[in-house]
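Participant: Encoded as structure tokens, here's the structure I'll be asking about.
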Amino acid sequence: MTDEKESTFLVTHVESDSAVLKDVHDGQVHTLSSNPGLDVDDAVEATVAPDPPMEVTYQVIEVAERRPLSIEESPEPPTVHERELAAETETGELAREERAGVGEVHVLTPPESETEAAVAD
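Note that numbering that gives the first Met the number 0 has the sequence shown beginning at 0, numbered continuously upward.
Pasting the structure below:
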């Protein structure tokens, strides 16, 4: 029997001989016993499996797709639609919506007193 897991993972930490992946669907964290060339903030569609015999660390069985993610603060002010999304979203929550072009719009609604810290984070 195999405990392979196929999912989308965010690479949260890397060293030359290991890496840490976080499953974007269930939040499970997987520490890899080796680093197959991943970088922090990569998104990977991959299959992982626990290392025998203790099954404490994981190994990457296959990487189907790898793409680097960029996190940026936009110099543009929020659009009217983005402001409407923020108004409809409870404080501390995240609104996600498909863009007209490619990707998604993410609107974060931190408490007003913590907005600058949220942007910096």
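Ideal placement from N, C-alpha and C gives every residue a C-beta, glycine not left out.
1) What are the partner residues of residue 105, as DSSP defines its beta bridges?
2) Verify whether the separation of the beta carbon atoms of residue 9 and residue 40 is less than 9 Å.
3) Can you name the start and end residues of the alpha helix (DSSP H) that residue 84 belongs to?
4) At a cut of 8 Å, does the stretch 3-18 reach the stretch 28-38 through at least three beta carbon pairs?
5) Distance check for residue 20 and residue 81, CA to CA, integer angstroms please.
6) Beta-carbon within less than 8 Å of residue 105's beta-carbon, same chain only, minus the 5 sequence neighbours each way: which residues are those?
7) For residue 11, which residues of its own chain have a beta-carbon under 6 Å away from its beta-carbon, when the five flanking residues on both sides are left out?
8) Helix, strand or coil: how does DSSP classify residue 71 here?
9) Using the rule of at least 16 other Cβ atoms within 10 Å of the residue's Cβ for burial, across every protein chain shown, is residue 101 buried or exposed?
10) Assuming residue 99 and residue 109 are in contact, meaning their beta carbons sit under 8 Å apart, how far apart are those beta carbons, in whole angstroms?
Facilitator: In terms of the structure at hand:
1) 95
2) yes
3) 79-87
4) yes
5) 30 Å
6) 93, 94 and 95
7) 19 and 21
8) coil
9) exposed
10) Residue 99 to residue 109, Cβ: 26 Å. No contact.
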